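What the sequence shown shows, in full-length UniProt numbering, is residues 1 to 509, in sequence order.
Okay, so here's the structure we're looking at.
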Amino acid sequence: MFTNGMLETDQSLVEIHGIDARTMNLLLEFMYTGLLEINIENVQNILQGASLLGLAALRSNCSQFLENQLASSNCLGIHHFADMYGLTELASYARQFMFQNFLDVVRSEEFYELTQERLLNLLISDKLRVISEHQVFDAACAWIQYDPANRSHFACAVLKNIRLALLDLSYLENVVLKSEYFHTCAKCQLVISKAIRTQQDNVAMEMITPRAQPPCIYVVGGRNSTDCQLNSMERYDFVSDSWVVNPTSSMNIARTAVGATSLDGLLYAVGGECALLETQEDTLYLRCVECYDPVLKQWIPKTEMKVARSFVAVAAARGCVYAIGGEDRSCSYNIVEKYDPKTEAWSFAPNIKRKRGGAGVAVCDGKIYVAGGFDKILHMDRASVECYDPDTQEWTFVAEMEKGRSGLALVTCDQFIYAIGGRFRHLDQYFDLVERFNTVTKQWTTITPMNTARAWPGVALFDGQIYVLGGFDGQSRLRSAEVYNPETDQWLAIKDMNVHRAGCGAGVV
């Protein structure tokens with residue numbers, strides 16, 4: 001404002017509106033020192049002020065901060081904010097995030113508070129990652145139901161942005177046609193009737209554009225029932241409750257005890273081990289990393305970690321992949337490495353406070369939680385839990401689990417972190433135990449156990465339900481799988497995998 005030839009450049013007194021005094025002090029300090037601490041409380045005011053004063057570098061810093069905060073609960077708001085202030089790159093990233101995580105986004109408070117215009121812009125997209133159009137219809141109805149007095153008259157506009165012809169004929173006739181929001185509207189009835197006629201016309205159906213490729217659970221690697229390391233991958237089809245193996249979609253390197261996570265539509269496989277012969281002394285501990293692109297249907301080698309290890313806990317947070325702990329032949333590790341896909345480089349992050357191999361890891365509200373694990377030097381399974389805040393770059397202990405164990409699976413659903421299964425090595429005990437940590441109250445509770453005891457299973461969260469895949473029960477490697485519904489507190493078996501797997505990785509892409 002003061003250096004680029006604008007009117008204020010030559011004025012001795014300038015009255016600035018739209019910036020509060022506290023924010024102005026922070027901006028002035030930044031102008032003189034180049035230093036300013038951005039946090040979740042001040043980022044909006046700072047960005048507004050930086051935009052008004054033409055502080056491009058500070059705008060960029062705010063944009064990067066908001067990108068790091070992206071989650072299903074806030075991506076709609078961040079996208080709107082980025083659009084408002086012309087942060088093109090952030091808006092694009094947030095838009096991609098909300099398309100890929102649509103099924104989680106529609107459960108957020110931000111979704112229910114969308115304006116009609118923003119809802120329609122979301123529903124019209126080809127890029128929504130859904131299993132079926134039923135989920136889009138249900139989300140639209142939930143949006144109307146949130147404020148029916150003011151939204152019922154938008155029903156027809158909403159309905160026109162749902163691809164009704166992709167819905168089952170019986171669903172159209174028995175659910176959509178009879179919906180309380182649509183059955184009294186003549187225009188809605190015409191739209192639905194047209195969709196029913198289209199369903200009955202095979203030629204017209206070929207012209208209906210589907211949404212983006214639906215998300216799937218992938219499980220990869222591990223060790224099978226004949227003690228062989230695997231490079232194969234299976235994909236779970238939610239609609240048919242079946243597992244599909246594509247021989248051409250195998251990893252480049254067979255491995256077990258592999259860490260896995262999904263980020264930006266890719267599935268990462270990190271580290272692990274591969275026994276060249278049948279003895280432990282010939283085990284090769286891996287630093288290699290590869291990621292699976294479901295669009296290209298191929299595995300792509302990525303930059304290797306700095307430290308080779310198996311049973312490494314892997315998670316994605318703030319746009320990066322974290323590889324935490326792990327072990328090799330002689331010891332367990334407390335090291336943490338961070339991979340940035342933008343630079344394709346690994347760097348060391350602050351170490352965890354305890355050495356852990358086979359720990360569980362999950363991310364909640366941008367913070368990383370690591371639980372359990374085995375320390376080879378002390379010969380003990382840990383019950384302790386650590387939490388990493390990327391903003392402060394510090395690990396802190398939180399409440400311990402009831403049972404110390406390694407080979408457990410950790411997964412986040414809403415504000416809760418679930419610690420599932422595992423093994424207590426001292427007694428060679430395998431658990432069906434499930435504990436749940438409330439990140440608000442900081443307390444653990446024990447909930448309904450799994451149907452089968454499992455250590456080293458794969459785990460994935462999809463549509464608010466937890467899928468646990470394979471593992472080892474103390475006698476054999478498993479191909480069974482089960483799903484937990486937090487609303488009913490029940491575990492149900494799903495179709496067995498094609499291959500027995502323990503030490504496998506899993507993710508949703």
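Backbone N, C-alpha and C fix where the C-beta goes; we use that ideal spot for every residue, glycine too.
What you are looking at is a predicted structure, and each value in this text was computed from that prediction instead of being measured.
If V363 and A316 are in contact, beta carbons under 8 angstroms, what's the gap, nearest whole angstrom? Counting from one through the sequence shown, the residue named residue 363 turns up at place 363. Counting from one through the sequence shown, the residue named residue 316 turns up at place 316. The Cβ separation is near 7 angstroms, so the contact holds.
Okay, do the segment 301 to 313 and the segment 254 to 265 touch, 3+ Cβ pairs below 8 angstroms being the bar? Touching, per the Cβ criterion.
Among the residues of its own chain, which have a CB less than 7 angstroms from the CB of R318, if the five just before and after it don't count? Taking the sequence shown and counting its residues from 1, the one referred to as residue 318 is at position 318. These residues qualify, in order along the chain: N68, G366 and P390.
So which of P294, R329, E337 and Y322 has the shortest CA-CA distance to V307? The residue labelled residue 307 in the question sits at position 307 within the sequence shown. Out of P294, R329, E337 and Y322, the CA that lies nearest to the CA of V307 is found in E337.
Where does the unbroken beta strand (DSSP E) through M233 begin, and where does it stop? Within the sequence shown, residue 233 is the residue found at index 233, counting from 1. In this chain, the beta strand (DSSP E) harbouring M233 covers M233 to D237.
Compute the Euclidean distance between the alpha carbons of E117 and F99, then round it to the nearest angstrom. Locating residue 117 in the sequence shown gives position 117, counting from the first residue. Locating residue 99 in the sequence shown gives position 99, counting from the first residue. The straight-line gap from Cα to Cα measures roughly 17 angstroms.
Three or more C-beta pairs under 8 angstroms: does that hold for the segment 178 to 185 against the segment 425 to 438? Judged by Cβ distances under 8 angstroms, the segment 178 to 185 makes no contact with the segment 425 to 438, as fewer than three pairs qualify.
For L492, which residues from the same chain have a beta carbon less than 7 angstroms from its beta carbon, with the 5 sequence-adjacent residues on both sides left out? Stepping through the sequence shown from its first residue, residue 492 is reached at position 492. So the qualifying residues of the chain are E482 and V483.
Would you kindly work out how many angstroms separate the C-alpha atoms of C216 and I19, rounded to a whole number? Position 216 of the sequence shown, counted from the start, is the residue given in the question as residue 216. Position 19 of the sequence shown, counted from the start, is the residue given in the question as residue 19. Straight-line Cα distance between these residues: approximately 46 angstroms.
DSSP state of T283 mapped onto helix, strand, coil: For this step, residue 283 is matched to residue 283 along the sequence shown. The answer is strand: DSSP assigns T283 an E or B state.
The beta strand (DSSP E) with G259 in it runs from where to where? Here residue 259 refers to the residue found at position 259 when the sequence shown is read from its first residue. Where G259 is concerned, the enclosing beta strand (DSSP E) stretches over G259 to L263.
For I46 and T23, which I take to be in contact (beta-carbon distance under 8 angstroms), what is that distance rounded to the nearest angstrom? In the sequence shown, the residue the question calls residue 46 occupies position 46. In the sequence shown, the residue the question calls residue 23 occupies position 23. Here I46 really is in contact with T23; their C-beta atoms are around 6 angstroms apart, less than 8 angstroms.
Please report the Cβ distance between S406 and G470, rounded to the nearest whole angstrom; I am assuming they are in contact, meaning their Cβ atoms lie under 8 angstroms. Taking the first residue of the sequence shown as position 1, residue 406 is located at position 406. Taking the first residue of the sequence shown as position 1, residue 470 is located at position 470. No, S406 and G470 are not in contact; Cβ-Cβ is about 16 angstroms, not under 8 angstroms.
Taking DSSP's pairing of strands, which residues face R454 in a bridge? Taking the first residue of the sequence shown as position 1, residue 454 is located at position 454. R454 is not bridged to any residue.
Looking only at its chain, what residues have a beta carbon closer than 8 angstroms to the beta carbon of L35, apart from the 5 residues adjacent to it on each side? Here residue 35 corresponds to residue number 35 of the sequence shown, with the count starting at 1. Excluding positions up to five away in sequence, the list reads E29.
Specify, as a first and last residue, the run of the beta strand (DSSP E) that K338 falls within. Counted from its first residue, the sequence shown places residue 338 at position 338. Taken as a continuous stretch (DSSP letters only), the beta strand (DSSP E) holding K338 covers V336 to D340.
Beta-carbon contacts of P350 that lie in its chain and below 8 angstroms, excluding the five residues immediately before and after: Position 350 of the sequence shown holds residue 350. Hits under 8 angstroms: V336, Y388, Q393, E394 and W395.
Buried or exposed: which applies to M207, given that a residue is buried once 16 or more other Cβ atoms fall within 10 Å of its Cβ? Taking the first residue of the sequence shown as position 1, residue 207 is located at position 207. For M207, the pLDDT reaches just 49, beneath the cut-off of 50, and the residue's location in the model is therefore unreliable, although a value from the coordinates is still provided. M207 comes out exposed.
How long is the line joining the alpha carbons of A345 and Y93, rounded to whole angstroms? For this step, residue 345 is matched to residue 345 along the sequence shown. For this step, residue 93 is matched to residue 93 along the sequence shown. Rounded to whole angstroms, A345 to Y93 spans 20 angstroms at the Cα level.
Okay, do the segment 149 to 165 and the segment 187 to 197 touch, 3+ Cβ pairs below 8 angstroms being the bar? The answer is yes - the segment 187 to 197 touches the segment 149 to 165, with three or more Cβ pairs under 8 angstroms.
Limits of the beta strand (DSSP E) - the one that D389 falls within: Position 389 of the sequence shown holds residue 389. Counting along the chain, the beta strand (DSSP E) containing D389 begins and ends at V385 to D389.
Can you list, in chain order, the residues of its chain whose CB lies under 6 angstroms from that of V509, leaving out five sequence neighbours each side? Walking along the sequence shown from the start, residue 509 turns up at place 509. S262, G265, L267 and P294.
In the DSSP assignment, the beta strand (DSSP E) including S60 goes from what residue to what residue? By 1-based counting over the sequence shown, the position of residue 60 is 60. Here S60 belongs to no beta strand (DSSP E); instead the alpha helix (DSSP H) covers A56 to Q69.
Under a three-way DSSP split, which group does M497 fall into? For the purposes of this step, residue 497 is taken as residue 497 along the sequence shown, with counting starting at 1. Under the three-state reduction of DSSP, M497 is assigned to coil, being neither helix nor strand.
Can you find a CB in chain D that lies within less than 8 angstroms of the CB of A481? Considering every chain present, this structure includes no chain D. It has just one protein chain.
How many angstroms separate the CA atom of A409 from the CA atom of Y146? The count along the sequence shown starts at 1 and reaches residue 409 at position 409. The count along the sequence shown starts at 1 and reaches residue 146 at position 146. Each residue's alpha carbon lies about 35 angstroms from the other.
The beta strand (DSSP E) with E482 in it runs from where to where? As a first step, residue 482 is located in the sequence shown; it is residue number 482 there, counting from the start. Boundaries of the beta strand (DSSP E) harbouring E482: A481 to N485, taken from the DSSP string.
Looking only at DSSP bridge pairs, what is W143 linked to? Taking the first residue of the sequence shown as position 1, residue 143 is located at position 143. Per DSSP, W143 has no beta bridge partner at all.
Could you work out which residue in R223, F416 and T33 is closest to T441 when comparing CA atoms only? Within the sequence shown, the letter at position 441 stands for residue 441. Among R223, F416 and T33, the Cα nearest to that of T441 belongs to F416.
Under a Cβ-count criterion, where at least 16 other Cβ atoms within 10 Å of its own Cβ denotes burial, should H426 be classed as buried or exposed? Numbered from its first residue, the sequence shown carries residue 426 at position 426. Exposed.
Write down the C-beta distance between N224 and R423 rounded to the nearest angstrom, noting that I regard them as a contact closer than 8 angstroms. Stepping through the sequence shown from its first residue, residue 224 is reached at position 224. Stepping through the sequence shown from its first residue, residue 423 is reached at position 423. Not confirmed; about 19 angstroms, so no contact.
Using CA atoms only, rank isn't needed, just tell me which of H153, Q200, R151 and C141 is closest to V176. Taking the sequence shown and counting its residues from 1, one reaches residue 176 at position 176. Comparing Cα-Cα distances from V176 to each of H153, Q200, R151 and C141, the minimum goes to C141.
Which whole runs of the alpha helix (DSSP H) in the segment 85 to 161 are 4 residues long or more, in chain order? Unbroken alpha helix (DSSP H) stretches of 4 residues or longer found wholly inside the segment 85 to 161: 88 to 100, 102 to 105, 109 to 112, 116 to 123, 133 to 146, 148 to 151 and 155 to 159, given in chain order.
Ordered along the chain, which non-local residues of its own chain (more than five positions away) have a Cβ less than 8 angstroms from that of residue 512? Shown here, the chain extends from 1 to 509; a query on residue 512 therefore has no answer.
Taking the alpha carbon of L296 as the point to measure from, which residue in E304, V385 and T248 has its own alpha carbon closest? Along the sequence shown, one-based indexing puts residue 296 at 296. Closest option to L296, Cα to Cα, is T248.
Here's a check: name, in chain order, each residue in its chain whose Cβ is nearer than 7 angstroms to the Cβ of C62, leaving out the five neighbours to either side. To locate residue 62, count along the sequence shown from 1; it is residue 62. Here the set comprises I38, V43, I46, L47 and A50.
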